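Asker: Dropping a structure here in structure tokens format, bear with me for questions.
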Amino acid sequence: MTLDAQLVLASGVLERQEVGQPVVAFEPDEPTGGESCRDPAGRRQALAGEAVDERFLLKLSVFFGGPRGCSHLLALSPGLLQCLSALPARMLGPGVHSGRTGAGTTAESGIGPVLDSCYMWRREGALAQRLGGPPADGGGKPGAG
Numbered sequence: 000m001t002l003d004a005q006l007v008l009a010s011g012v013l014e015r016q017e018v019g020q021p022v023v024a025f026e027p028d029e030p031t032g033g034e035s036c037r038d039p040a041g042r043r044q045a046l047a048g049e050a051v052d053e054r055f056l057l058k059l060s061v062f063f064g065g066p067r068g069c070s071h072l073l074a075l076s077p078g079l080l081q082c083l084s085a086l087p088a089r090m091l092g093p094g095v096h097s098g099r100t101g102a103g104t105t106a107e108s109g110i111g112p113v114l115d116s117c118y119m120w121r122r123e124g125a126l127a128q129r130l131g132g133p134p135a136d137g138g139g140k141p142g143a144g
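Written out as structure tokens, the structure is:
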């Protein structure tokens with residue numbers, strides 16, 4: 000599965016997204032009543048115009064999670080935040096980089112929403128440290144450092 004997304008860097012807004020599903024678990028046939036895993040993919044396009052910020056994954060989960068969407072396509076979504084967070088601040092418009100703040104985020108770097116979301120974004124990892132994440136000692140987080 001693939002997720003091809005286009006973001007407007009000046010605003011952090013998702014302009015479009017296209018889903019690729021060359022192989023799916025269920026094709027439309029008699030046992031599935033003509034339904035396919037590909038059926039909900041178009042629902043993601045309705046999120047065009049939404050800001051990719053710390054609330055984006057929640058909005059996506061509400062709109063596309065569970066019986067309304069596909070858990071596999073939903074699992075690809077944190078990559079949008081990860082990509083946006085990896086961009087240098089000079090590439091983003093005013094307010095986009097610093098606009099992703101809130102509980103547990105790192106305002107200076109904008110990587111808070113993706114910190115510890117996967118191996119590459121682990122707080123002690125080279126990528127997080129290079130992009131200005133919190134100290135590698137984990138800041139008191141159990142099991143970190």
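Using numbering that gives the first Met the number 0, you'd call the opening residue of the sequence shown number 0 and step up by one each time.
Even glycine gets a Cβ: it sits at the ideal position worked out from N, Cα and C.
Given the structure is predicted, the values throughout are model-derived calculations rather than measurements.
Taking buried to mean at least 16 other C-beta atoms within 10 Å of its own C-beta, is Arg99 buried or exposed?
Answerer: Along the sequence shown, one-based indexing puts residue 99 at 100. Per-residue confidence for Arg99 stands at a pLDDT of 37, beneath the threshold of 50, marking its modelled position as unreliable; no derived number is given.
Asker: For Arg37, which three-state DSSP category applies?
Answerer: Reading the sequence shown from its first residue, position 38 is the one you call residue 37. If DSSP states are grouped into helix, strand and coil, Arg37 belongs with coil.
Asker: Whole angstroms is fine: what's the gap from Cys117's alpha carbon to Glu123's?
Answerer: On the sequence shown, position 118 is the one that residue 117 refers to. On the sequence shown, position 124 is the one that residue 123 refers to. Taking the straight line from one Cα to the other gives about 12 Å.
Asker: To the nearest angstrom, how far is the alpha carbon of Ala9 from that of Arg67?
Answerer: Position 10 of the sequence shown holds residue 9. Position 68 of the sequence shown holds residue 67. Roughly 31 Å between the two C-alpha positions.
Asker: For Val18, which three-state DSSP category applies?
Answerer: In the sequence shown, the residue the question calls residue 18 occupies position 19. Val18 falls in the strand class under three-state DSSP.
Asker: Should Glu34 go down as buried or exposed, given a rule of 16 or more other Cβ atoms within 10 Å for buried?
Answerer: Locating residue 34 in the sequence shown gives position 35, where the first residue counts as 1. Glu34 is exposed by the Cβ-count criterion.
Asker: For Ala4, which residues does DSSP report across the bridge?
Answerer: The residue you call residue 4 lines up with position 5 of the sequence shown. For Ala4, which the question treats as bridged, DSSP gives the partners Gln16.
Asker: Which whole-angstrom value is the C-beta distance of Leu114 and Gly131, which I expect to be below 8 Å?
Answerer: As a working mapping, residue 114 is identified with position 115 in the sequence shown. As a working mapping, residue 131 is identified with position 132 in the sequence shown. 11 Å between Cβ atoms; not a contact.
Asker: With a cut-off of 8 Å on the beta carbons, I'd call Ala47 and Leu13 a contact; round off their distance for me.
Answerer: What you label residue 47 is simply residue 48 of the sequence shown in a count that begins at 1. What you label residue 13 is simply residue 14 of the sequence shown in a count that begins at 1. Indeed, because the Cβ distance is near 6 Å, the residues count as touching under 8 Å.
Asker: For the alpha helix (DSSP H) containing Val61, list its first residue and its last residue.
Answerer: As a first step, residue 61 is located in the sequence shown; it is residue number 62 there, counting from the start. For Val61, the enclosing alpha helix (DSSP H) starts and ends at Phe55 to Phe63.
Asker: Going by DSSP, what residues sit across from Ala50 in a beta bridge?
Answerer: Within the sequence shown, residue 50 is the residue found at index 51, counting from 1. Ala50 is bridged to Val12.
Asker: Leaving out five residues on either side along the sequence, give the residues of the same chain with a beta carbon under 8 Å from the beta carbon of Leu73.
Answerer: Against the sequence shown, residue 73 aligns to sequence position 74. Counting only Cβ-Cβ distances below 8 Å, and skipping sequence neighbours, we find Leu59, Ser60, Phe63 and Gly64.
Asker: Helix, strand or coil for Pro66 per DSSP?
Answerer: Within the sequence shown, the letter at position 67 stands for residue 66. Reduced to three states, the DSSP call for Pro66 is helix.
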